[in-house]
Every structure is written in C-alpha cells, then in structure tokens.
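Here is the structure we will look at, set down as structure tokens.
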Amino acid sequence: MKALGFALLLAGSALTPATAHAQVAKGGFEKIANGIGVVPSSGPAGWVEVTVHGDGIIHVVASPTRTTTAPSLMVPTPPIAGQYTVTQQGKRVLVATARDTAEVDLKTGRVRFLDKAGKVVLDQAASPTFFPTSADGKPFVVASQQFNRGTDEGLYGLGQHQNAQMDYNGEDVELAQHNMDIAVPFVVSTRNYGLLWDNDGITRFGNP
C-alpha cells in the first residue's frame with residue numbers, strides 16, 4: 229500500500245547566482261520585499277524565501293544557496309502583496325495574513341501553513357532535498373519535496389492525463405508535455421487549499 233500524501237520531484241531546475249546581499253547568520257532571518265528570507269542553521273536548504281502576494285497567497289522559494297529567482301512563466305504578474313505581519317516565536321518565524329499563516333522553522337527551513345483558526349492545512353514532511361545534475365553541459369539541480377504524509381485528503385488537478393485517475397493522493401504522475409498529456413502543476417485539496425509547483429522542469433508527482 230502506498231503512503232498517503234504527496235511528493236514532488238523536479239528535474240532540471242536552473243539556479244542563478246545571487247547578487248551581493250547582507251550576511252544573515254545561520255538560524256536567522258531578514259525582512260525582504262513582501263516577506264522574509266531565512267538562512268536555516270542546518271539541513272540541505274541554505275535559503276528559504278517566504279513572500280506574500282495577497283491574503284491567502286504565499287510564495288515559497290527554497291534553494292541550497294541564496295539565489296536570484298528567475299521570472300515565473302506561470303505567474304508573470306504576481307498579485308500585489310496584501311497586509312501581513314512578521315513575528316518570531318523562539319526558533320520559528322511566522323508570516324501572517326488575514327486568512328492564513330506561514331510558519332518557518334529557523335533550524336531546518338521547514339515551512340508549514342495554518343488557516344485562520346490555527347489548524348495546519350499543509351506541512352512539509354521534511355526539508356527539501358537538492359541533487360546537482362547537468363544537461364547539455366549546463367548545471368542544474370534536481371529538487372524534491374514531500375507534503376502532508378499520512379493524510380487522507382483528496383487531491384485534484386495536475387492537468388489532462390490518460391490514466392483514468394481523479395484523486396491523485398497516493399498516485400504517481402509525470403508532469404511533462406506530450407501529445408495527449410497536458411501538465412498543469414497545480415492541485416486543489418479537499419482541505420480547502422491549492423498548491424502551485426512553480427517551476428518549468430519535468431516533475432514527478434507522487435512517489436518518484
């Protein structure tokens with residue numbers, strides 16, 4: 229039996245070196261435009277960026293080193309940031325909007341999302357992992373992330389696939405454009421949230 233929950237494995241993500249920034253100590257964070265940047269004290273993620281793009285819309289970027297994120301092809305014009313607050317509670321930092329809160333562990337960089345009532349709706353099962361690779365002589369990174377392990381929620385979306393599946397919780401799907409397969413890396417949960425995997429590389433959803 230497959231474990232419930234879902235994972236995302238991305239092949240071929242390019243990372244652009246960042247320009248000079250002020251140094252942030254490990255286990256610390258700094259305020260950036262529309263959110264925060266965290267330097268975890270341990271784990272594979274060297275930089276975790278959490279930004280707000282309206283009530284209920286939070287963007288997370290994790291990478292092995294601090295990088296400059298390429299413009300999104302899926303969301304070319306992100307919504308304007310809404311009102312939010314940043315507070316630190318011990319080894320956690322919270323970015324809160326009127327509808328939800330993103331909580332970042334300063335030790336590991338792990339992020340989880342809570343609704344207005346404080347209930348966890350989306351939780352990284354562990355910190356993301358990164359593996360260097362290359363294609364056509366160019367360096368890339370394979371990134372993997374797991375969410376909500378052990379959940380029984382329904383997950384719907386991912387585009388058009390010839391597999392006779394609707395609920396993708398516990399299923400395996402390759403997200404790549406083919407003649408009759410249309411990949412849309414977005415899922416909607418019966419827990420009343422949506423997740424966009426905002427990257428253009430081939431992705432494997434489920435148990436890669």
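Numbering of the sequence shown is given in my numbering, commencing with residue 229 and proceeding in unit increments. Note that CB positions come from ideal geometry on N, CA and C, so glycine has one too. Quick caveat, the model's predicted, so the values are computed rather than measured.
Would DSSP call residue i helix, strand or coil?
{"i": "G263", "result": "strand"}
{"i": "T293", "result": "coil"}
{"i": "L350", "result": "strand"}
{"i": "I308", "result": "coil"}
{"i": "D328", "result": "strand"}
{"i": "W425", "result": "coil"}
{"i": "Q316", "result": "strand"}
{"i": "V252", "result": "coil"}
{"i": "L334", "result": "coil"}
{"i": "K288", "result": "The sequence shown places Val at residue 288, rather than the Lys named in the question. Note: V288 maps to strand in three-state DSSP."}
{"i": "D380", "result": "coil"}
{"i": "L301", "result": "coil"}
Taking just the CA atoms, how far does residue j sit from residue i?
{"i": "V401", "j": "G434", "result": "6 Å"}
{"i": "A345", "j": "P306", "result": "26 Å"}
{"i": "A290", "j": "H406", "result": "28 Å"}
{"i": "F375", "j": "L403", "result": "17 Å"}
{"i": "A309", "j": "T325", "result": "10 Å"}
{"i": "F257", "j": "T336", "result": "12 Å"}
{"i": "G255", "j": "W425", "result": "26 Å"}
{"i": "N397", "j": "I286", "result": "23 Å"}
{"i": "V252", "j": "V267", "result": "7 Å"}
{"i": "G274", "j": "Q390", "result": "38 Å"}
{"i": "F359", "j": "S372", "result": "9 Å"}
{"i": "R377", "j": "A353", "result": "6 Å"}
{"i": "Y312", "j": "R432", "result": "33 Å"}
{"i": "V288", "j": "T295", "result": "13 Å"}
{"i": "L350", "j": "D328", "result": "11 Å"}
{"i": "A298", "j": "F368", "result": "13 Å"}
What do you get for residue i, buried or exposed, if any count of 16 or more other CB atoms within 10 angstroms of its CB means buried?
{"i": "R338", "result": "buried"}
{"i": "G263", "result": "buried"}
{"i": "D395", "result": "exposed"}
{"i": "V348", "result": "exposed"}
{"i": "L301", "result": "exposed"}
{"i": "V280", "result": "buried"}
{"i": "S362", "result": "exposed"}
{"i": "S270", "result": "exposed"}
{"i": "V276", "result": "buried"}
{"i": "V303", "result": "exposed"}
{"i": "D333", "result": "buried"}
{"i": "T293", "result": "exposed"}
{"i": "T315", "result": "exposed"}
{"i": "A392", "result": "exposed"}
Tell me the DSSP bridge mates of residue i?
{"i": "V370", "result": "F359"}
{"i": "E402", "result": "R432"}
{"i": "G385", "result": "V415"}
{"i": "I410", "result": "Q388"}
{"i": "D343", "result": "D328"}
task: May I ask you to verify whether the segment 373-385 touches the segment 404-419, counting CB pairs closer than 8 Å and requiring at least 3?
output: yes
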